[in-house]
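Chains as they are written, first to last, in this note's numbering: chain A, 1 to 223; chain B, 1 to 223.
Just so you know, even glycine gets a beta-carbon here, dropped at the ideal spot from N, CA and C.
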DNA sequence: TCGCCAAGTGACCGAAGAGTCACCTTGTGA
DNA sequence: TCACAAGGTGACTCTTCGGTCACTTGGCGA
């Protein structure tokens with residue numbers, strides 16, 4: 001691995017850019033896009049507001065979309081890609097189940113480790129996708145994630161490892177499941193009495209098993 | 001049924017209130033809470049802005065939360081209640097499956113017939129639930145829906161008609177499934193080429209069957 | 001017919017926040 | 001040591017929008 005050919009100036013510039021993105025991540029995650037202010041991002045990053053415009057010339061939107069693309073979507077894309085290293089796994093029902101269990105666990109672990117990014121995804125993902133003025137870029141990113149999930153589903157269906165059902169809705173549905181469970185988690189967290197009911201979420205692995213069981217085996221008792 | 005004991009004045013007042021709520025519904029559905037303006041609501045309702053404050057003294061929040069409570073949550077609550085008229089149905093796997101299939105179909109039909117209200121739910125539901133300053137009222141409403149779905153699940157699990165899995169996450173997951181499928185629907189609708197792939201959504205009934213199959217029977221081919 | 005009151009109205013106000021720019025700081029090379 | 005360039009700074013401007021209130025209107029009872 002070559003030492004990156006960056007001058008000290010470029011390295012420092014990159015560092016500052018990252019610091020700004022980090023601050024923005026925290027603020028957007030807490031407040032949501034509309035309620036977040038550039039003053040707060042600047043303050044948290046310990047820069048003047050004007051500096052933000054040196055790095056993100058188009059201001060708030062620029063900052064947010066860059067963040068969404070690089071951090072939120074990029075992170076999820078990486079998790080999805082990692083879950084399907086071997087196309088052979090999708091040849092059998094068992095292999096498919098294991099692969100998707102891995103994906104779900106990966107997504108949940110990612111949520112634990114990158115909570116800010118996931119909060120942005122939870123809060124702003126659907127709003128962005130449904131906006132009437134939905135930015136082409138935003139739409140592409142959103143659909144990119146669904147695409148990435150759909151592809152292995154399609155492969156598995158082709159192989160007879162999954163029921164022959166329309167794959168794109170399944171992809172949306174899988175993302176909806178993960179979203180639902182994260183909501184359940186946050187719901188319990190915010191609940192007045194702490195945990196109203198012991199949840200199955202001692203770990204990402206247990207939770208992933210829970211979702212996988214329902215998704216692959218169904219809610220009905222197997223006879 | 002008695003004719004409601006309302007004076008003409010009260011009836012007209014109620015009518016105007018409804019007109020304002022209708023306009024607000026359209027505007028909030030299209031723009032989302034933050035981007036919606038009271039000027040636009042007033043214009044669409046053909047009232048002056050000041051009039052809005054006669055009916056919703058606390059302004060934008062008041063209008064939105066009233067709308068959310070009465071129209072969005074109220075509508076969903078009605079659909080959920082309708083789906084479980086007979087507790088006996090939850091005694092067997094087959095009855096349970098049929099009842100939840102009815103619920104899902106009801107939710108999807110409700111989406112078709114009350115698209116504005118559902119768009120508000122889709123866009124603002126999670127953001128509201130996750131807000132750091134989450135209004136107690138908002139939280140109660142959100143949780144109320146989940147509660148209403150959880151209750152029959154609990155009954156079915158008690159009866160052995162469903163696997164013994166934690167019920168609250170299942171409730172969240174079911175709502176996530178419906179949300180996911182609606183996203184798939186809207187995604188296809190917005191897609192540049194119209195419908196990139198024929199979706200299973202010729203009707204709410206077919207779509208409900210799709211979700212029910214996955215949720216109850218699972219994705220794996222039954223042996 | 002007159003007067004009163006309930007109710008609608010929209011010009012106006014103030015707060016908030018995105019975006020700008022003249023100024024200043026720092027570091028570098030001559 | 002000096003001059004210059006690169007780049008950070010935050011006070012300022014301008015727009016938008018939620019909320020207010022003095023005025024108008026219209027209907028009803030005396």
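- Between residue 117 of chain A and residue 72 of chain A, the gap from beta carbon to beta carbon is short of 8 Å.
- For the 8 Å CB-CB criterion, residue 156 of chain B and residue 162 of chain B form a contact.
- For residue 215 of chain B, there is no enclosing alpha helix (DSSP H), as DSSP gives it neither H nor E.
- Secondary structure note for residue 42 of chain A: its alpha helix (DSSP H) is the uninterrupted segment 38-45.
- Look at residue 161 of chain A here: in three-state DSSP terms it is coil, with no helix or strand label.
- With a 10 Å radius around the Cβ and a threshold of 16 neighbouring Cβ atoms, residue 59 of chain B comes out exposed.
- The CB of residue 177 of chain A comes closer than 8 Å to the CB of 173, 176, 177 and 180 in chain B, given here in chain order.
- The beta carbon of residue 29 of chain B lies closer than 7 Å to those of 116, 119 and 120 in the same chain, with the five residues before and after it left out.
- Spanning the alpha carbons of residue 107 of chain B and residue 45 of chain A requires a straight line of approximately 44 Å.
- The beta carbon of residue 164 of chain B is closer than 7 Å to those of 157 in its chain, skipping five residues each way along the sequence.
- Interface residue (Cβ-Cβ distance to chain B less than 8 Å): residue 118 of chain A is not classified as such.
- Boundaries of the alpha helix (DSSP H) around residue 27 of chain A: 8-35.
- Boundaries of the alpha helix (DSSP H) around residue 112 of chain B: 93-113.
- For residue 123 of chain B, the chain A residues whose C-beta falls within less than 8 Å of its own C-beta are 126, 127 and 130, listed in chain order.
- Around the CB of residue 96 of chain B, 16 or more other CB atoms lie within 10 Å, so the residue is classed as buried.
- Of A:99, A:76 and A:92, the smallest CA-CA separation from residue 111 of chain A is found for A:76.
- A:23 is the residue among A:23, A:129, A:53 and A:54 whose C-alpha sits nearest the C-alpha of residue 41 of chain A.
- In terms of CA proximity to residue 208 of chain B, B:104 leads the group B:68, B:104 and B:183.
- Secondary structure at residue 144 of chain B: helix, using DSSP grouped into helix, strand and coil.
- For residue 169 of chain A, the uninterrupted alpha helix (DSSP H) segment begins and ends at 167-190.
- Under the three-state reduction of DSSP, residue 152 of chain A is assigned to helix.
- Sequence-distant partners of residue 84 of chain A (beyond 5 residues in either direction) whose C-beta falls short of 7 Å from its own C-beta, in its chain, are 99 and 152.
- Taking a Cβ-Cβ threshold of 7 Å, the residues of chain B close to residue 34 of chain A are 34, in chain order.
- Comparing alpha-carbon positions, the option among B:137, B:160, B:87 and B:79 lying closest to residue 113 of chain B turns out to be B:79.
- Under the criterion of beta carbons closer than 8 Å, residue 173 of chain A and residue 27 of chain B do not qualify as touching, at roughly 30 Å.
- The beta carbon of residue 103 of chain A does not come within 8 Å of any beta carbon belonging to chain B, so the residue lies off that interface.
- Annotation: the continuous alpha helix (DSSP H) that includes residue 74 of chain A extends over 74-83.
- Taking the beta carbon of residue 62 of chain A as reference, no residue of chain B falls within 9 Å; the closest one sits roughly 18 Å away.
- Using a Cβ-Cβ cut-off of 7 Å, residue 184 of chain B is close to 168, 169 and 172 of chain A, given in chain order.
- Exclusion of the five residues before and after residue 81 of chain B leaves 148 as the residues of its chain whose Cβ lies within less than 8 Å of its Cβ.
- The beta carbon of residue 163 of chain B sits closer than 8 Å to some beta carbon of chain A.
- Between the C-alpha atoms of residue 35 of chain B and residue 92 of chain A there is a straight-line separation of about 48 Å.
- Against chain B, the beta carbon of residue 97 of chain A has neighbours under 9 Å at 219 and 220, listed in chain order.
- Taking all protein chains shown into account, residue 15 of chain B has fewer than 16 neighbouring C-beta atoms within 10 Å of its C-beta and is therefore exposed.
- In the three-state reduction of the DSSP assignment, residue 116 of chain B falls in the helix class, which pools H, G and I.
- Look at residue 130 of chain B here: in three-state DSSP terms it is helix.
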